[in-house]
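First residue of the sequence shown? That's -12 in the working numbering, and the numbers climb one at a time after it.
Just so you know, even glycine gets a beta-carbon here, dropped at the ideal spot from N, CA and C.
Report on one structure; see the data block that follows.
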Amino acid sequence: MTRSEDVARAAGVSRATVSQILNGRGARFSEETRTRVLQVAAELDYRPSIAGRALAKGASDIVVALLPYTHLSGNLQAVLEQATEELARHGLTLLLRLTTKNPTSLEQLVAQLRPRAVFALWPFTADERAVLERQGVSAISPAELDDGFDRKIGRAQAEHLVAKGYRRLAYVHLEDDRFRIWGPPREHGLAEVCAERGLPDPVVLRPRLDPHEVLDALGALSRGSGVACYNDDIAIALMQAAAVRRIAIPDDLGIIGMDDTPLAAVTHPRLTTVSVDVSAAALRATRQLLEGLLIPAGLADIKQVDPQVIEGESA
């Protein structure tokens, strides 16, 4: 591993000079010296120590992304890939960190790495936010900005079902603590459409992804209902339960999912679902993070992301 001493020796300058130039504080040196140090560092493939940069600057170039206990879906992976690339364009490194119930582990991480910010697609818990405030680290979460996006998803699902002739709607959550933040706004969006169209209040069910609970939820739905589901997982589970009970989809029951997962395209009948432009959503969230760090990122240039119904055969 190349050290700063190696760069200093090859460039014919002191180690302090190398440190100041590579940390962006080289204005006091001549253009010739700065160019020589940067050229030698590149030739020797020198990589500054993260710990050393953090000590020198008071903060590292790391952004920690907190991930709760969840499955790494294709959409979430795409979001993280987009965020990694966008942050790298601004000289920042994204580091993934799984959350735990013990806030001490987060405090230790923050104290050791001195990140520029901690980023979460989920809202921070009170303990996490307290830790970050004590350490003076920016806590940024797009999920805490109520931009009405999830309500739009529920409305899109409801409007599609109504357009297909369903007059009794239901919303099926996925009973899982990891998803509680997004479900209620989607349910509310569906209920808004029901009220606007003079339809009965929607039936609301909360099964876990369990065979018995899904069958029970299916039994609670009246024939002819249009069912909006929290995601494709619970939608496909309901379709499977309907096949077991010999309930015809979409004649006896219409079902629409959310996420446009690869599995949605291979169900029979093919699942109607809702898609979002994950790349644009990820770019928007990442630029919100950069703007929160006072780094101009062109957030105003990013279009508002709207949900799109991907029509299949299940509704």
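Output the distance between the C-alpha atoms of residue i and residue j, rounded to the nearest integer angstrom.
| i | j | result |
| --- | --- | --- |
| Thr254 | Arg121 | 50 Å |
| Thr91 | Ala14 | 40 Å |
| Val105 | Val(-6) | 32 Å |
| Arg233 | Gln95 | 55 Å |
| Pro110 | Gly152 | 37 Å |
| Ala251 | Met226 | 11 Å |
| Ala302 | Pro172 | 22 Å |
| Ile140 | Gly213 | 15 Å |
| Asp203 | Val261 | 25 Å |
| Ala(-2) | Asp220 | 59 Å |
| Leu53 | Leu9 | 29 Å |
| Val118 | Leu93 | 7 Å |
| Gln305 | Ala143 | As displayed, the chain neither begins before -12 nor continues past 302, which places residue 305 out of reach and without an answer. |
| Leu280 | Ile168 | 25 Å |
| Glu298 | Ile242 | 11 Å |
| Ala228 | Val97 | 46 Å |
| Arg195 | Ala178 | 22 Å |
| Val334 | Arg84 | The chain is shown from -12 up to 302; residue 334 falls before or after that span and cannot be answered. |
| Leu42 | Pro102 | Bear in mind that the predicted position of Leu42 carries a pLDDT of just 47, short of 50, making it unreliable; the figure below should be weighed with that in mind. Distance between the alpha carbons of Leu42 and Pro102: 11 Å. |
Does the Cβ of residue i have 16 or more other Cβ atoms within 10 Å, making it buried, or fewer, making it exposed?
| i | result |
| --- | --- |
| Gln291 | exposed |
| Ala235 | exposed |
| Glu(-8) | exposed |
| Ser266 | exposed |
| Thr259 | buried |
| Glu183 | exposed |
| Asp246 | buried |
| Pro283 | exposed |
| Pro198 | exposed |
| Gly45 | Low local confidence applies: a pLDDT of 48 at Gly45 is under 50, so the model's placement there is unreliable, with the coordinate-based value given in what follows. By the neighbour-count rule (16 or more Cβ atoms within 10 Å), Gly45 is not buried but exposed. |
| Gln7 | buried |
| Ala28 | buried |
For residue i versus residue j, is the C-beta distance shorter than 7 Å?
| i | j | result |
| --- | --- | --- |
| Glu162 | Arg193 | yes |
| Glu73 | Thr248 | no |
| Thr(-11) | Leu31 | yes |
| Asp239 | Arg210 | yes |
| Cys216 | Val159 | yes |
| Ile49 | Leu100 | yes |
| Gln275 | Pro129 | yes |
| Ala70 | Leu82 | no |
| Val201 | Ala222 | no |
| Ala230 | Pro189 | no |
| Ala269 | Val51 | no |
| Arg154 | Leu205 | no |
If you follow the beta strand (DSSP E) that residue i is in, where does it begin and where does it stop?
| i | result |
| --- | --- |
| Ile127 | 125 to 127 |
| Ala14 | No beta strand (DSSP E) contains Ala14, which DSSP labels as neither H nor E. |
| Glu50 | Inspection of the sequence shows that residue 50 is occupied by Val rather than by Glu. It spans 49 to 54 - the beta strand (DSSP E) in which Val50 sits, taken as one unbroken run. |
| Ser212 | 212 to 216 |
| Leu156 | 156 to 159 |
| Ile297 | 295 to 297 |
Is residue i close to the ligand ADP? I mean its beta-carbon at under 6 Å from any heavy atom of the ligand.
| i | result |
| --- | --- |
| Glu18 | With respect to small molecules bound, the structure shown includes none, and the ligand ADP cannot be examined in it. |
For the alpha helix (DSSP H) containing residue i, list its first residue and its last residue.
| i | result |
| --- | --- |
| Val191 | Per DSSP, Val191 belongs to no alpha helix (DSSP H); it is in the beta strand (DSSP E), 190 to 192. |
| Glu146 | 136 to 150 |
| Gln227 | 219 to 231 |
| Glu183 | 170 to 183 |
Could you name each continuous alpha helix (DSSP H) segment of 4 residues or more that falls completely within the stretch 62 to 119, going from the start of the chain to the end? Counting only runs of 4 or more, we get 90 to 100.
My parser needs the alpha helix (DSSP H) runs of 4 or more residues fully inside the stretch 240 to 285; what are they? The DSSP assignment places 265 to 279 as complete runs of the alpha helix (DSSP H) inside the stretch 240 to 285, in order along the chain (cut-off: 4 residues).
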